[in-house]
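According to the numbering used here, the sequence shown is numbered sequentially starting from 17.
Input: a single structure, listed below in structure tokens.
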Amino acid sequence: MANQARFIGNAEWEDQNRSTLLIMWKSPEVLGNEIYEWASKTDILGTVFTIYELHSGDEYMDSGR
Numbered sequence: 017m018a019n020q021a022r023f024i025g026n027a028e029w030e031d032q033n034r035s036t037l038l039i040m041w042k043s044p045e046v047l048g049n050e051i052y053e054w055a056s057k058t059d060i061l062g063t064v065f066t067i068y069e070l071h072s073g074d075e076y077m078d079s080g081r
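Here you go:
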């Protein structure tokens with residue numbers, strides 16, 4: 017299972033000993049594409065935001081999520 021999750025990009029080892037596996041709901045590539053699409057649609061490309069603003073700010077609240 018760990019190898020399959022790593023193969024599709026939804027997991028990566030946290031350490032060199034491979035004792036801790038970080039499992040992600042979405043791969044960083046998919047998440048990055050979704051954020052880029054959202055930023056394009058809301059016309060905010062090139063603007064700097066904090067993680068808090070992206071999660072809880074007015075732009076997020078108006079995103080329909």
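Here a beta-carbon is modelled for each residue, glycine too, at the ideal position from N, C-alpha and C.
Residue j beta carbon less than 7 Å from that of residue i
i, j, result
"Leu37", "Ala55", "no"
Nonlocal neighbours in the same chain, by C-beta distance under 6 Å from residue i, ignoring five residues either side
i, result
"Leu61", "Ala55"
"Trp41", "none"
For residue j and residue i, believed in contact at Cβ under 8 Å, the rounded distance
i, j, result
"Glu28", "Arg34", "Contact doesn't hold; Cβ gap of about 10 Å is too wide."
"Ile24", "Ser43", "7 Å"
According to DSSP, residues forming a beta bridge with residue i
i, result
"Trp82", "The chain is shown only over 17 to 81; residue 82 falls outside these bounds and no answer can be derived."
Neighbourhood of residue i by C-beta distance below 7 Å, restricted to the same chain and skipping five residues each side
i, result
"Ile39", "Ala21, Asn26 and Ala27"
Residues of its chain near residue i, where Cβ-Cβ distance is below 8 Å and the 5 sequence neighbours each way are ignored
i, result
"Val46", "Gly25"
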